[in-house]
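Below is one structure, written out as structure tokens; the observations come after it.
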Amino acid sequence: MRTLCRALITDADPGVQQALVALLEADWGLDVRVASARDETFEALRTQIPDLLLLMLAPSGVRPVEIVEIAFQLAPAPLIVAVGEPSSHAEAFELGARGVHAFASSPAAVNAAIRAAVATPPSLAPFLRAVVPHRGLHSVIQEARRVMVEEALGLARNNRTQASRILAVSRQAVQQAVRVGLASEPDSLGGEAGRRKLLKRSL
């Protein structure tokens, strides 16, 4: 089960914001930060890498999809729970295609969505089916290996032994992936300095 320490809430109605902050602090013991504007949201992602991102879907100065795309460049990437209803079927499709499937409309539903996201891994089947017409099996396996090793190294703060335990493989397998260039070290991608570089290139 993934450990959560820090949370970021994007632009929210003050009443909703207060309820969500209280929920995250009381039920989860999280250090909560609220970003009320586009630049503040991106700055928070850059400087306080969150373990949990509550993505408000109410109209604001930034498209939710834009935030998700940047959040998924982090390693480890935060768990993302969308709060509210998508503005359109197109937005729901875009968010779903990027791995956001929990749309919670109340604090209780948010709490349940977080518990489910922490305890239950997402299904790979929809993503794998979607790439079949476009990607060969070998390239998908290579990308899966790269992404999983980089994510594990990010979670393990560049400790290859811990990363191998997360992935249930040998330490040598992780070393080999890094050595032959199938994955990047957190210092170059997933560490805080590397993550900030990635975000700067995206902004």
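If you're matching positions, the sequence shown starts at 1467 in this note's numbering and goes up one per residue. A virtual CB, placed ideally from N, CA and C, is assigned to each residue, including glycine.
1) So the candidates are V1606, G1550, A1596 and F1508; which of them puts its Cα closest to the Cα of A1579?
2) Taking only three categories from DSSP, how would you classify F1538?
3) State the start and end residues of the unbroken beta strand (DSSP E) segment that holds L1518.
4) Measuring CA to CA, which of R1564, A1574, A1618 and L1633 is closest to A1596?
5) Could you check what DSSP says for D1497 in three-state terms: helix, strand or coil?
6) What residue range is occupied by the uninterrupted beta strand (DSSP E) comprising R1472?
7) Closest to Q1642 by CA distance: which of L1621, R1612 and N1577 is it?
8) With which residues is I1546 paired in a DSSP beta bridge?
9) List the whole-angstrom C-beta distance separating I1536 from F1508, where the pair is believed to meet the contact cut-off of C-beta under 8 Å.
10) DSSP state of A1570, grouped into three classes?
11) Just the C-alpha distance for H1555 and L1621, rounded to the nearest angstrom, thanks.
12) If you compare alpha carbons, which of P1573, A1558 and A1629 is closest to V1566?
13) Once you ignore the five residues that flank Q1628 on each side, which residues in its own chain have a CB closer than 6 Å to its CB?
In this structure, then:
1) When only C-alpha atoms are compared, the closest one is G1550.
2) Coil, per DSSP.
3) Looking at the DSSP string, the run of the beta strand (DSSP E) that includes L1518 is L1518 to M1522.
4) Closest by alpha carbon: R1564.
5) Strand, per DSSP.
6) Here the beta strand (DSSP E) through R1472 covers R1472 to I1475.
7) It is R1612 whose Cα lies nearest to the Cα of Q1642.
8) Bridge partners of I1546: L1519.
9) That belief holds up - the Cβ atoms of I1536 and F1508 are roughly 7 Å apart, short of 8 Å.
10) Here A1570 sits in strand by DSSP.
11) Answer to the nearest angstrom: the Cα atoms are 34 Å apart.
12) Between V1566 and the set P1573, A1558 and A1629, the nearest pair of CA atoms involves A1558.
13) Its chain contains A1622 as the residues whose beta carbon lies nearer than 6 Å to that of Q1628, once the 5 sequence neighbours on both sides are disregarded; these appear in chain order.
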